[in-house]
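Residue 1 is where the sequence shown starts when you use UniProt numbering, and the numbers rise one by one after that.
Have a look at the structure below before the remarks.
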Amino acid sequence: MLNQELKELAIQLNLNNLRDNLDDYLSNAEQSNVSYCEFLKNVFKMEIEEREAKKYKMRLKKASLPYHKDFSDFDFNFQKSISKKKINILCEMQWIDRLFKLIFLGPPGIGKTRIMVSLGVEALKKGYDVFFVSMTDLIDILKYRKDSYKYNLLYKRILNAQVLLLDEIGYLPISKEEANLFFQLISKLDEKVAMVITSNKTFSEWTEFLGDPALATAVLDRLSFRCEIFNLTGNSYRLEKREHLFNE
Ligand code: ADP
Ligand code: MG
Numbered sequence: 001m002l003n004q005e006l007k008e009l010a011i012q013l014n015l016n017n018l019r020d021n022l023d024d025y026l027s028n029a030e031q032s033n034v035s036y037c038e039f040l041k042n043v044f045k046m047e048i049e050e051r052e053a054k055k056y057k058m059r060l061k062k063a064s065l066p067y068h069k070d071f072s073d074f075d076f077n078f079q080k081s082i083s084k085k086k087i088n089i090l091c092e093m094q095w096i097d098r099l100f101k102l103i104f105l106g107p108p109g110i111g112k113t114r115i116m117v118s119l120g121v122e123a124l125k126k127g128y129d130v131f132f133v134s135m136t137d138l139i140d141i142l143k144y145r146k147d148s149y150k151y152n153l154l155y156k157r158i159l160n161a162q163v164l165l166l167d168e169i170g171y172l173p174i175s176k177e178e179a180n181l182f183f184q185l186i187s188k189l190d191e192k193v194a195m196v197i198t199s200n201k202t203f204s205e206w207t208e209f210l211g212d213p214a215l216a217t218a219v220l221d222r223l224s225f226r227c228e229i230f231n232l233t234g235n236s237y238r239l240e241k242r243e244h245l246f247n248e
């Protein structure tokens, strides 16, 4: 009876964790003989933990990451061109508050996207809003946002993100009109959003990719202010670690 009343009070106070676990918490407390103070503290702690977990799940969903991996199983022996120490410093996330752009350049398969995604996961864990998009999808979003509810929603997520993860600049050629839309977005986000960018092209090749030298200079000018460039080298992880069906 009293339990039911307590549950109703928990509902009124939006204490969902307490509402769902009240009976367990009470019987555990009785068995373990904890003090009133300790009991109340644990109830509040569990409530907060559940809320944080829910918020994390929401942010993770909105981030549109291609997969969910942190640095715990990242092989630093394989990727030697970035040290564990630097990654640890990046995981402190000061670059986000300082609106830095981290640019990872290098050939395919060496872990650019993986590092970007893992930085995104670490940023989500620290409470930042993250959004991942490939360059190809970004161009579609910019082109069709006015005609499509879905693309408009994604466009808003880009504008509202604190960290934009932009993958694969330069893999596919883009038209002049698309390059212009891209420049407009970069200008709009300039000084407002921290970014991580990956590309298999060097900066000098970006001019060719963006089609117009003046436009490329303007894009690079904006991106290179407060930016850290990581030139990754090495072999493709995919090729080296590929699995075989036959052992011979
Ligand atoms: P890139 O974006 O440079 O083409 P990816 O980040 O997609 O390469 O890496 C290719 C695959 O290899 C992915 O599955 C990624 O998780 C894995 N990978 C790459 N580098 C590492 C690493 N140092 N440790 C663990 N996995 C890695
Ligand atoms: Mg990649």
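Glycine residues also receive a C-beta, built at the ideal position from the N, C-alpha and C atoms.
Residue i - partner residues in DSSP beta bridges
| i | result |
| --- | --- |
| residue 320 | Because the chain spans 1 through 248 in this model, residue 320 falls outside it and cannot be assessed. |
| Val-121 | DSSP, once it has assigned bridges, lists no residue as partnering Val-121. |
| Ile-169 | Ser-199 |
| Leu-164 | Phe-131 and Met-195 |
Residue i CB to nearest heavy atom of the ligand ADP below 8 Å
| i | result |
| --- | --- |
| residue 272 | The structure shown does not extend to residue 272, since the chain spans only 1 to 248, so no value can be given for it. |
| Ile-115 | yes |
| Ser-35 | no |
Through-space distance from residue j to residue i, alpha-carbon basis
| i | j | result |
| --- | --- | --- |
| Leu-166 | Leu-15 | 38 Å |
| Leu-2 | Ser-35 | 20 Å |
| Val-117 | Glu-177 | 29 Å |
| Leu-18 | Glu-30 | 16 Å |
| Glu-47 | Pro-213 | 55 Å |
| Asn-235 | Ala-179 | 31 Å |
| Ile-103 | Lys-112 | 9 Å |
| Leu-119 | Arg-222 | 22 Å |
| Arg-98 | Ile-11 | 41 Å |
Nearest candidate by alpha-carbon position, reference residue i, set the options
| i | options | result |
| --- | --- | --- |
| Leu-189 | Tyr-144, Phe-44 and Asn-160 | Asn-160 |
| Trp-95 | Glu-191, Thr-202 and Thr-233 | Glu-191 |
| Leu-138 | Lys-126, Asn-152, Tyr-128 and Lys-125 | Asn-152 |
| Phe-71 | Lys-101, Lys-201 and Arg-114 | Arg-114 |
Cβ shell of residue i (< 7 Å), same chain only, five flanking positions each side left out
| i | result |
| --- | --- |
| Leu-239 | Gly-109 |
| Val-43 | Leu-18 and Tyr-25 |
Same chain, Cβ closer than 6 Å to residue i, five either side skipped, listed in chain order
| i | result |
| --- | --- |
| Met-135 | Glu-168 and Ile-169 |
| Trp-206 | Ala-216 |
| Leu-181 | Leu-142 |
| Asn-28 | none |
| Leu-154 | Ile-141 |
Contact with chain C by residue i, beta-carbon distance below 9 Å
| i | result |
| --- | --- |
| Gln-184 | The structure shown contains no chain C; it is built from a single protein chain. |
Contact test: residue i Cβ vs the ligand MG heavy atom, cutoff 8 Å
| i | result |
| --- | --- |
| Glu-168 | yes |
| Lys-112 | yes |
| Thr-217 | no |
| Pro-108 | yes |
| Thr-233 | no |
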